[in-house]
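Going down the list, the sequences are from chains A and B. All residue numbers for the first sequence refer to this note's numbering, where the first residue is 8 and numbers rise by one. All residue numbers for the second sequence refer to this note's numbering, where the first residue is 8 and numbers rise by one. All C-beta atoms in this analysis are idealised placements derived from N, C-alpha and C, irrespective of residue type, glycine included. Computed from a predicted structure; not experimentally measured. The structure under discussion appears below in the form of structure tokens.
Protein chains: 2
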Amino acid sequence: MKVEEALQILKEHGYKYTGKREEMIRICAAEKRYLSAKDIMERIKEQYPTLSFDTVYRNISTFVELGILEETELEGEGRFRLACSADGHHHHHVICTECGKTSSLPGCPMNVMASVPEDFQVTGHKFEVYGTCKECVAQSN
Amino acid sequence: MKVEEALQILKEHGYKYTGKREEMIRICAAEKRYLSAKDIMERIKEQYPTLSFDTVYRNISTFVELGILEETELEGEGRFRLACSADGHHHHHVICTECGKTSSLPGCPMNVMASVPEDFQVTGHKFEVYGTCKECVAQSN
DNA sequence: CTTTAAATCGGATTTGTTCTGATTTGTTAC
DNA sequence: GTAACAAATCAGAACAAATCCGATTTAAAG
């Protein structure tokens with residue numbers, strides 16, 4: 008997803024434009040990486056030093072609801088990245104547990120592995136591979 | 008896994024036997040379901056009304072380390088169930104997001120979907136299907 | 001420009017979890 | 001069985017992530 012697309016989605020849903028929202032989206036767009044709310048706060052402080060964490064959290068959940076951000080959870084805290092499944096076709100990620108960097112995996116296990124018991128009404132699924140990326144492996148030596 | 012097995016594992020690793028530990032394991036063994044720390048506390052209070060949450064949390068993490076419990080995360084809190092992948096062969100679960108009930112899925116996407124980029128040093132993976140079980144669907148009507 | 005609802009602020013609050021220091025309990029050696 | 005020691009537990013303080021709240025500011029529509 009591109010920054011402009013994300014802003015368009017906000018507009019379409021009747022949300023107001025604010026520089027803070029745009030900047031948050033820009034920050035997420037700048038890295039193929041899951042960021043924590045704290046990471047985003049840190050980066051946005053350069054431009055908006057007084058931004059409150061309430062604003063960051065509230066906007067993040069708006070973005071997640073609208074499908075602008077994708078969410079996961081690492082070490083007990085929420086992590087976010089600009090949605091990319093929406094772009095082409097649905098896929099999953101390899102995630103570096105050190106730095107949050109991601110790499111796409113082709114395909115989805117739901118297509119390959121049938122046989123979900125029929126008495127479950129399926130609402131979603133998660134497939135994530137965890138590991139350490141090249142850079143983080145190097146750094147830990 | 009059976010309660011006796013779990014106690015055996017504790018013993019082998021030099022952990023002491025306590026009634027509280029056994030009861031915690033029994034509680035988890037009694038249900039094919041992910042329980043929160045709070046769920047476990049609630050159930051154990053019948054027998055050990057003064058048990059502190061510190062003890063519950065500490066024992067849970069010991070159990071997870073030893074592979075007695077499996078861990079996941081639902082709605083921002085840790086959930087636990089008696090390990091069953093260890094029993095037969097490795098597999099994954101469909102999980103009811105209402106009540107934590109689980110159902111096994113045969114196989115593992117890691118076997119089916121090769122192609123993890125080689126510059127990632129893989130340490131783990133998660134495949135979970137979420138939904139609402141028959142009972143919880145019925146209840147919400 | 002005025003109006004109004006949405007967004008933001010700043011700080012208090014809540015929730016899940018971990019830490020700390022004092023006390024109790026299982027286990028081992030006698 | 002008893003003594004001694006390390007591990008386990010207790011109670012509550014502390015912590016971190018996330019949410020809530022009332023007051024203020026701001027984007028956008030008329």
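* Simplified DSSP state of Lys-52(A), which is helix, strand or coil -> Along the first sequence, one-based indexing puts residue 52(A) at 45. Assignment of Lys-52(A) by DSSP, reduced to helix, strand and coil, places it in the coil class.
* **CA-to-CA distance, Lys-45(B) to Val-129(B), given in whole angstroms** => Numbered from its first residue, the second sequence carries residue 129(B) at position 122. Numbered from its first residue, the second sequence carries residue 45(B) at position 38. Going by the C-alpha atoms only, they are around 32 Å apart.
* **Where the beta strand (DSSP E) through Thr-130(B) begins and ends** => Sequence index remark: in the second sequence, residue 130(B) carries index 123 (1-based). In this chain, the beta strand (DSSP E) harbouring Thr-130(B) covers 128-139.
* Asked: Of the residues Ala-145(B), Pro-124(B), Gly-107(B), Ser-147(B), which one's Cα is nearest the Cα of Tyr-137(B)?
  -> The sequence position of residue 137(B) within the second sequence is 130, counting from 1. Checked all of Ala-145(B), Pro-124(B), Gly-107(B), Ser-147(B); the closest Cα to Tyr-137(B) is Gly-107(B).
* Val-71(B) beta carbon less than 8 Å from that of Ile-47(B) -> Counting from 1 along the second sequence, the entry for residue 47(B) is found at position 40. Counting from 1 along the second sequence, the entry for residue 71(B) is found at position 64. For Ile-47(B) and Val-71(B), no; Cβs fall outside 8 Å.
* Answer yes if the region 109-122 of chain B comes into contact with the region 106-123 of chain A, meaning at least three C-beta pairs across the two stretches below 8 Å, and no otherwise. => Taking 8 Å as the limit for Cβ pairs, the verdict is that the region 109-122 of chain B does touch the region 106-123 of chain A.
* Where Val-10(A) and Arg-33(A) are concerned, what is the direct C-alpha to C-alpha distance, given to the nearest angstrom? -> The sequence position of residue 10(A) within the first sequence is 3, counting from 1. The sequence position of residue 33(A) within the first sequence is 26, counting from 1. Going from the Cα of Val-10(A) to the Cα of Arg-33(A) covers about 6 Å.
* Asked: Identify the residues that DSSP records as bridge partners of Glu-77(A): which are they?
  -> Your numbering for residue 77(A) matches position 70 in the first sequence. Paired residues: Arg-88(A).
* Three or more C-beta pairs closer than 8 Å, one from the region 95-111 of chain B and one from the region 83-100 of chain A: is that the case here? -> No, the region 95-111 of chain B does not touch the region 83-100 of chain A.
* Near Lys-27(A), what residues of its chain come up, given a Cβ to Cβ distance below 8 Å and the 5 sequence neighbours on each side ignored? -> Residue numbering aside, residue 27(A) sits at position 20 when the first sequence is read from its first letter. The answer, listed in chain order, is Ile-51, Tyr-55, Leu-58, Thr-62, Asn-66.
* **C-alpha gap between Arg-86(A) and Gly-83(B), whole angstroms** => By 1-based counting over the first sequence, the position of residue 86(A) is 79. By 1-based counting over the second sequence, the position of residue 83(B) is 76. In a straight line, the C-alpha of Arg-86(A) is about 12 Å away from that of Gly-83(B).
* Are there 16 or more other CB atoms within 10 angstroms of the CB of Ala-145(B), so buried, or fewer, so exposed? -> Within the second sequence, the letter at position 138 stands for residue 145(B). Under this definition Ala-145(B) is an exposed residue.
* To do: Along the beta strand (DSSP E) that carries Leu-112(B), what are the first and last residues, could you check?
  => To locate residue 112(B), count along the second sequence from 1; it is residue 105. Per DSSP, the unbroken beta strand (DSSP E) holding Leu-112(B) starts and ends at 109-112.
* Short CB-CB distance (under 8 Å) between His-97(A) and chain B -> Taking the first residue of the first sequence as position 1, residue 97(A) is located at position 90. Output row for His-97(A): interface = no.
* Host beta strand (DSSP E) of Val-101(A) (start-end) -> For the purposes of this step, residue 101(A) is taken as the residue at position 94 of the first sequence. 99-103 is the extent of the beta strand (DSSP E) around Val-101(A).
* Extent of the continuous alpha helix (DSSP H) to which Leu-17(B) belongs -> By one-based count along the second sequence, residue 17(B) stands at place 10. The continuous alpha helix (DSSP H) containing Leu-17(B) extends over residues 10-19.
* **Min CB distance Gln-146(B) to chain A below 8 Å** => The sequence position of residue 146(B) within the second sequence is 139, counting from 1. It does not: the Cβ of Gln-146(B) has no partner Cβ on chain A nearer than 8 Å.
* DSSP on Ser-43(A), reduced to helix/strand/coil? -> Position 36 of the first sequence, counted from the start, is the residue given in the question as residue 43(A). Residue state, collapsed to three classes: strand.
* To do: Taking only beta-carbon positions, decide if Asp-61(A) is within less than 8 Å of chain B.
  => Taking the first sequence and counting its residues from 1, one reaches residue 61(A) at position 54. Chain B, which has no Cβ nearer than 8 Å to the Cβ of Asp-61(A), makes this no.
* Asked: Going by the CB atoms, is the gap between Leu-81(A) and Met-8(A) shorter than 8 Å?
  -> On the first sequence, position 1 is the one that residue 8(A) refers to. On the first sequence, position 74 is the one that residue 81(A) refers to. By the CB criterion at 8 Å, Met-8(A) and Leu-81(A) fall outside the cutoff.
* When the cut-off is 8 Å and only beta carbons count, does Leu-42(A) lie next to chain B? -> What you label residue 42(A) is simply residue 35 of the first sequence in a count that begins at 1. No - not a single Cβ of chain B is within 8 Å of the one on Leu-42(A).
* Distance, Cα to Cα, Glu-19(B) vs Cys-35(B)? -> As a first step, residue 19(B) is located in the second sequence; it is residue number 12 there, counting from the start. As a first step, residue 35(B) is located in the second sequence; it is residue number 28 there, counting from the start. For Glu-19(B) and Cys-35(B), the distance between alpha carbons rounds to 20 Å.
* Asked: Quick one: which chain B residues come within Cβ less than 8 Å of Tyr-137(A)?
  -> Walking along the first sequence from the start, residue 137(A) turns up at place 130. The answer, in chain order, is Val-129, Thr-130, Gly-131, His-132, Lys-133.
* Asked: For Ala-37(B), does the three-state DSSP call read helix, strand or coil?
  -> Position 30 of the second sequence, counting from 1, holds the residue named residue 37(B). Note: Ala-37(B) maps to coil in three-state DSSP.
* Throw me the rounded Cβ distance for the Thr-79(B) and Glu-135(B) pair, which I believe falls under 8 Å. => By one-based count along the second sequence, residue 79(B) stands at place 72. By one-based count along the second sequence, residue 135(B) stands at place 128. By a beta-carbon distance limit of 8 Å, Thr-79(B) contacts Glu-135(B). Their separation comes to about 7 Å.
* Asked: With a cut-off of 8 Å, does the C-beta of Cys-103(B) fall near any C-beta of chain A?
  -> Within the second sequence, numbered from 1, the residue matching residue 103(B) stands at position 96. So, interface residue.
* Asked: Given that Pro-124(B) touches chain A, what residues does it touch there, using C-beta distances under 7 Å?
  -> One-based indexing of the second sequence puts residue 124(B) at position 117. Within 7 Å Cβ-Cβ: Val-101, Ser-110.
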